[in-house]
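Novice: To start, I am sharing the structure in question, which I have written as structure tokens.
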Amino acid sequence: MPTIDDCKIINLPKISNRKGNITPVEGFHTVPFDIARVYYLYDVPGGSTRGGHAHKELKQLLISVMGAFDNILDDGHKRKTVRLDRAYYGLYVPRMIWRELENFSSGGICLVLASLPYDESDYHRDYDEFLESIKKQA
Ligand code: TYD
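For any residue, its number in the numbering used here is found by taking its place in the sequence shown, counting from 1, and adding 935.
Okay, structure coming up:
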């Protein structure tokens, strides 16, 4: 079962010149999965918490392409908080990690690269059910 120690910051490439920066991300190469879906969180009101779920199979890379936010990561045993505040840091989140995203800076944008298409049945949205599932798979 994945743990919060498997949630790692990936240093993404940064191509800089006087005209600005580019950060490319390639599936299987920069991130350890094929990218099936891209979505982004934006216009997040101050004080809002996003997430509040775990995924049964989905793997993700979260990037703060603008501003900053905190990721609270929980594997059912331990918790840690990782703040993303650079467009060239990606946070890899494997399957079966409960996450909450909060403390978005004003105008903050979270880009998510996901290993699978959207599927509501892939979510654990109830924390106790998430813990039960971890026990069953141990
Ligand atoms: P959710 O994943 O719970 O958002 P967050 O983790 O950012 O709080 O999704 C919120 C709503 O958006 C939910 O009704 C499902 C829908 N949704 C899609 O239809 N497709 C998607 O790719 C995503 C990520 C969400």
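Backbone N, C-alpha and C fix where the C-beta goes; we use that ideal spot for every residue, glycine too.
These numbers were taken from a predicted model, which means no experiment stands behind them.
Could you tell me the distance, in whole angstroms, from the CA atom of R985 to the CA atom of G1042?
Specialist: If you take the alpha carbons of R985 and G1042, they lie about 15 Å apart.
Novice: DSSP three-state call for E1067: helix, strand or coil?
Specialist: The answer is helix: DSSP assigns E1067 an H, G or I state.
Novice: Is V979 buried or exposed, if buried means 16 or more other CB atoms sit within 10 Å of its CB?
Specialist: Classification for V979: buried.
Novice: Just confirm the distance between the C-beta atoms of G992 and R1030, as a whole number of angstroms; I'd bet it's less than 8 Å.
Specialist: Checking the sequence, you will find Glu at residue 992 rather than Gly. The Cβ separation is near 5 Å, so the contact holds.
Novice: Can you give me the C-alpha to C-alpha distance between Y1062 and H988, rounded to a whole angstrom?
Specialist: Distance between the alpha carbons of Y1062 and H988: 7 Å.
Novice: Give the single residue among L1008, H964 and S1050 whose Cα lies nearest to the Cα of P937.
Specialist: When only C-alpha atoms are compared, the closest one is L1008.
Novice: Ligand 1 heavy atoms versus the CB of R985: any closer than 6 Å?
Specialist: Yes, ligand 1 has a heavy atom inside 6 Å of this Cβ.
Novice: In the DSSP output, what is G1042 paired with across the bridge?
Specialist: None, per the DSSP bridge assignment.
Novice: Please confirm whether S999 and D969 have their CB atoms less than 7 Å apart.
Specialist: No, the pair does not count as a contact, with Cβ atoms beyond the cut-off.
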